[in-house]
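Just below is one structure, and these are the notes that go with it.
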Amino acid sequence: MTSDPAPGPTPYATRATIAADLAALGVRPGDVLLVHSALSAFDPVVGGAPAVVLALADAVGPTGTVTVPTQSWQLCDPAYLGVEPADRWELVRANLPPYDPEWTPSAAMGAVAEALRTAPGARRSGHPHRSFAALGPHAGRITARHELADPLGDGSPLAELYRLDARVLLLGVGHDKSTALHLAEARSRPVAERRTVTERGAIAERRANGAPLLVDGRRRWVAFDEPAVSDHDFAAVGAAFEHRSGAARAGRVGGARAVLLPLRPLVDFAADWFRAHRG
Numbered sequence: 001m002t003s004d005p006a007p008g009p010t011p012y013a014t015r016a017t018i019a020a021d022l023a024a025l026g027v028r029p030g031d032v033l034l035v036h037s038a039l040s041a042f043d044p045v046v047g048g049a050p051a052v053v054l055a056l057a058d059a060v061g062p063t064g065t066v067t068v069p070t071q072s073w074q075l076c077d078p079a080y081l082g083v084e085p086a087d088r089w090e091l092v093r094a095n096l097p098p099y100d101p102e103w104t105p106s107a108a109m110g111a112v113a114e115a116l117r118t119a120p121g122a123r124r125s126g127h128p129h130r131s132f133a134a135l136g137p138h139a140g141r142i143t144a145r146h147e148l149a150d151p152l153g154d155g156s157p158l159a160e161l162y163r164l165d166a167r168v169l170l171l172g173v174g175h176d177k178s179t180a181l182h183l184a185e186a187r188s189r190p191v192a193e194r195r196t197v198t199e200r201g202a203i204a205e206r207r208a209n210g211a212p213l214l215v216d217g218r219r220r221w222v223a224f225d226e227p228a229v230s231d232h233d234f235a236a237v238g239a240a241f242e243h244r245s246g247a248a249r250a251g252r253v254g255g256a257r258a259v260l261l262p263l264r265p266l267v268d269f270a271a272d273w274f275r276a277h278r279g
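Note that the numbering used here has the sequence shown beginning at 1, numbered continuously upward.
Put into structure tokens, the structure is as follows:
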């Protein structure tokens, strides 16, 4: 009686193999990328998240730029988050550390995004909740403008990525994580009519928020409002774009499922899709 063969060694990904996988997927020198990733979806990576960042930089070369979302929801108004009892809101508002693009950590954006945020030469936008970080020659341009009241629309780095004809790269995540679709959401209706359907079916236009900011060198709590957003149908619109456009390229990068697609056609398609499907 023969025994089952012993399992082979666990595959490992390296900076070089990830860069090669990215090139095979279609990433080219000079590309501007908006990357969303989950390191847990990769094979074990020698060097972890920093090796992935280095591989991304290798793939786009010295003339390319890599951008990631580096949101910091921990600095939102506690009333917006709804996780603290109301009698503690003022205590939280008075004591949250102020947003610092160089120091404030990102939250729930993944290890690769955090590694890029802290990489030498990276630049980060100024929004205390919805920031993006970029590495490469276009980093300053991408992160220069980020309006408090328009964090994912035409006052955000997403609009600059659109103008730069960037590409979206999904590494181990789906379209439900694609922040580019928020730009389409913002453009799908005139500002005065922007609405989104919440999970409970209620209609909301704008929501009050706030953050601790440094104003003239002093910490202040700054209140503002922003458009309500929803990602409940992002997976559907992403799948529809892939099916109808034929512009997406799928493959494996470091063992993770990867999708590469053009940001500008995606946003234009999704804006029309939202107008047709969001009531």
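The C-beta atom is built at its ideal place from N, Cα and C for all residues, glycine as well.
N- and C-terminal bounds of the beta strand (DSSP E) containing residue i
i	result
Gly251	Arg249 to Val253
Thr14	First-last for Thr14: undefined, no H or E at that position.
Thr65	Thr65 to Pro69
Val215	Arg206 to Val215
Val35	Val32 to Ser37
Trp73	From DSSP, Trp73 is part of no beta strand (DSSP E); its letter is neither H nor E.
Arg219	Arg218 to Pro227
8 Å Cβ cutoff met for residue i and residue j
i	j	result
Leu263	Ala247	no
Arg106	Ala115	It is Ser, not Arg, that sits at residue 106 in the sequence shown. Contact: no.
Phe269	Ser245	yes
Gly68	Ala133	Sequence inspection shows Val at residue 68; the Gly mentioned does not correspond to that position. Cβ atoms of Val68 and Ala133: closer than 8 Å.
Gly26	Arg249	yes
Val45	Ala13	yes
Ala108	Leu171	no
Phe241	Asp176	no
Tyr99	Ala208	no
Ala166	Val32	yes
Arg282	Ser188	One cannot answer for residue 282 here, as it falls past the ends of the chain, which runs 1 to 279.
Arg117	Thr70	yes
Residue range of the unbroken alpha helix (DSSP H) whose run includes residue i
i	result
Arg275	Leu263 to His277
Trp103	Element bounds for Trp103: n/a, residue is neither H nor E.
Phe234	Phe234 to Ser245
Leu169	From DSSP, Leu169 is part of no alpha helix (DSSP H) but of the beta strand (DSSP E) over Arg167 to Leu171.
Asp58	Gly48 to Val60
Arg163	Pro157 to Arg163
Ala184	Ala180 to Arg187
Residue-chain proximity (residue i, chain C), Cβ-Cβ < 8 Å
i	result
Ser156	Looking for chain C here will not work: only one protein chain is present.
Between the CA atoms of residue j and residue i - distance to the nearest angstrom
i	j	result
Arg195	Leu181	With a pLDDT of 42 at Arg195, under the threshold of 50, the predicted position of this residue should be treated as unreliable, though the coordinate-derived value follows. In a straight line, the C-alpha of Arg195 is about 15 Å away from that of Leu181.
His138	Leu214	26 Å
Pro157	Ser125	8 Å
Gly301	Asp77	Only positions 1 to 279 of the chain appear in the structure, and residue 301 is not among them; the question remains open.
Arg28	Gly136	14 Å
Val66	Asp87	42 Å
Ser131	Val168	17 Å
Arg123	Ala239	32 Å
Ala59	Leu91	46 Å
Leu183	Arg15	31 Å
Arg206	Pro227	4 Å
Pro11	Leu164	36 Å
Val173	Gly210	29 Å
His129	Ala149	11 Å
Val267	Glu147	20 Å
Ile18	Trp103	28 Å
Arg141	Leu161	9 Å
Trp273	Pro151	21 Å
Gly254	Ala38	11 Å
Ala144	Gly121	15 Å
Ala256	Ala236	21 Å
Asp216	His243	50 Å
Arg278	Gly82	26 Å
Ala271	Pro265	10 Å
Ala41	Ser72	23 Å
Glu84	Leu75	13 Å
Glu185	Gly30	28 Å
Ala159	Gly153	7 Å
Ala55	Arg220	39 Å
Arg218	Pro212	10 Å
Ser178	His232	12 Å
Ala49	Pro101	20 Å
Pairs of beta-carbons, one from the stretch 14-31 and one from the stretch 90-103, closer than 8 Å: are there three or more?
no
Let me know the beta strand (DSSP E) ranges lying completely inside the stretch 75-147, each 3 residues or longer, listed in chain order.
132-135
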